[in-house]
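**Student:** Structure in structure tokens, see below.
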Amino acid sequence: MKIIDLLKQNTPSLSFEVFPPKTETTFESVKIATEEIAKLKPSFMSVTYGAGGGTSKYTLNIAKNIKELYGVPTLAHLTCVSSTKETVRQKIADIREAGIQNVMALRGDIPDHMADDDRTKWDYHYAVDLIRELKEADANFCIGGACYPEIHPESTTQSDDIKRLKEKVDAGCDFLTTQMFFDNNLLYNFLYKIREAGITVPVIPGIMPITNANQVERAIKLSGSFMPQRFKSLVDKFGSNPAAMKQAGIAYATDQIIDLYANNITNVHVYSMNKPDVAQKIQDNLSDILLSD
Ligand code: FAD
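What the sequence shown shows, in the working numbering, is residues 863 to 1155, in sequence order.
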């Protein structure tokens, strides 16, 4: 099923993100964790892709497994920046062969070893190049793109970032998923601005449950997200008690999700990080809400 069609439904729903194993030895444990999450019957599951291609075959294996065993629609991520046209075309062919209709088209972070490269020689510079390639390969793909309520770290202004985002949508993005954020007002503000800029496709908010104090620094480094005082206080108070921190982090994420639903967002994407217990707890916290219109 195409994600764009799922997003037409008006009832609140949850989707979950998982990541593939980095090596063959961890494949089985990751597969089990992703299956546990699939059993929760989310609206869809996304499977990330290691830029550089190292985990690419596992992305497809995991996505195909979830779809075939549990009937959960899957979204396979694909990055392009460190790849050649030949490699990307092969990956696209593999995605089609696996029967996956939904692709998250990403540039990927520029690997350190490519930072000083002559960029004129690169086959792909931005996600928009990959979106065009996907559309050309199969006009029937349902394509997602990334967006950044707090602007992408490489952009100097939000208006420039939004201008680039519009180019992605005009090239064929059917929907957008946001980077994590911890203050919903940042999302509402962003939505207002992109709608003003003529971007009308559905936007799926991405929520990261922070379940241990060590995750905080990593999450900020990765996303550059603003940490509201309310969230900082929670980490200060409970960060040294793993069980309490987990409970507080899940409660904070749940609270954000309820506010999003209350503001007419229908599908929320949870960065569930291969943690079935976290996905389950959030879903349980929302059990009646998920059944409401
Ligand atoms: P782009 O849309 O290409 O944008 C990157 C930057 O370039 C922005 O600053 C943009 O404004 C600018 N830009 C875009 N087009 C142009 C242009 N034509 N000229 C000049 N500037 C331009 N990474 C992974 O490796 N694997 C994953 O599975 C993965 N999944 C993700 C899922 C989500 C929902 C998000 C939000 C991010 C994900 N990432 C993933 C991280 C992502 O790859 C990085 O954030 C990366 O730095 C940017 O990717 P992008 O697709 O947003 O790039």
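Each residue gets a CB set at the ideal place from its N, CA and C atoms; glycine is no exception.
Measuring CB to CB, does residue 1147 end up less than 8 Å from residue 1116?
**Tutor:** Yes.
**Student:** Tell me which residue opens and which closes the beta strand (DSSP E) that residue 977 is part of.
**Tutor:** Unbroken run through residue 977: none, as it is neither H nor E.
**Student:** Would you kindly report the start and end of the unbroken alpha helix (DSSP H) that includes residue 1110?
**Tutor:** DSSP places residue 1110 in the uninterrupted alpha helix (DSSP H) bounded by 1104-1124.
**Student:** Around the C-beta of residue 976, are 16 or more other C-beta atoms found within 10 angstroms, so that it is buried, or is it exposed?
**Tutor:** exposed
**Student:** Shortest alpha-carbon distance to residue 1120 belongs to which of 929, 1045, 885 and 940?
**Tutor:** 1045
**Student:** Return the chain-ordered list of same chain residues with a C-beta closer than 7 Å to the C-beta of residue 1098, the five sequence neighbours on each side being excluded.
**Tutor:** none
**Student:** Residue 805 and residue 918: beta carbons closer than 8 Å?
**Tutor:** Because the chain here runs from 863 to 1155, residue 805 falls outside it and cannot be looked at.
**Student:** Taking the CB atoms as reference points, tell me whether residue 967 and residue 928 lie closer together than 8 Å.
**Tutor:** It is not a contact, given that the beta carbons lie outside the stated cut-off.
**Student:** Can you check the stretch 1058-1089 for any alpha helix (DSSP H) of at least 4 residues that lies completely inside it and give the ranges in chain order?
**Tutor:** 1075-1085
**Student:** Enumerate in chain order the residues of its own chain whose CB-to-CB distance from residue 1035 is below 8 Å, with the five nearest sequence positions on each side excluded.
**Tutor:** 967, 993, 1005, 1006, 1007 and 1063
**Student:** Identify every run of the beta strand (DSSP E) within the stretch 952-1040, keeping only runs that are complete inside it and at least 3 residues long; order them along the chain.
**Tutor:** 964-968, 1004-1009 and 1037-1040
**Student:** Does the Cβ of residue 970 lie closer than 7 Å to at least one heavy atom of the ligand FAD?
**Tutor:** yes
**Student:** CA-CA distance, residue 1108 and residue 945?
**Tutor:** Taking the straight line joining both Cα atoms gives about 38 Å.
**Student:** So which of 981, 996 and 1141 has the shortest CA-CA distance to residue 879?
**Tutor:** 1141
**Student:** Put residue 1136 into one of helix, strand or coil per three-state DSSP.
**Tutor:** coil
**Student:** Would DSSP call residue 1100 helix, strand or coil?
**Tutor:** In the three-state scheme derived from DSSP, where H, G and I count as helix and E and B as strand, residue 1100 is classed as helix.
**Student:** Determine the DSSP secondary structure at residue 1129, reduced to helix, strand or coil.
**Tutor:** Of the three classes helix, strand and coil, the one that applies to residue 1129 here is strand, per DSSP.
**Student:** Who are residue 891's beta bridge partners in DSSP?
**Tutor:** The partner list for residue 891 (beta bridge, DSSP) is empty, contrary to what the question assumes.
**Student:** Just verifying my parser: in three-state terms, what is the DSSP assignment at residue 875?
**Tutor:** strand
**Student:** Check whether the stretch 1036-1056 touches the stretch 1019-1028, taking contact to mean three or more Cβ pairs, one atom from each stretch, closer than 8 Å.
**Tutor:** Segments in contact, yes.
**Student:** Please list the terminal residues of the continuous beta strand (DSSP E) segment that includes residue 1149.
**Tutor:** It is not in any beta strand (DSSP E) - residue 1149 instead sits in the alpha helix (DSSP H) that spans 1149-1152.
**Student:** Using C-beta distances below 8 Å, list every residue in its chain close to residue 997, excluding the 5 sequence neighbours before and after it, in chain order.
**Tutor:** Taken in chain order, the residues that qualify are 1003, 1005, 1033 and 1034.
**Student:** As an exercise, report each continuous beta strand (DSSP E) stretch of at least 3 residues that is fully enclosed by the stretch 915-949, in chain order.
**Tutor:** 936-941
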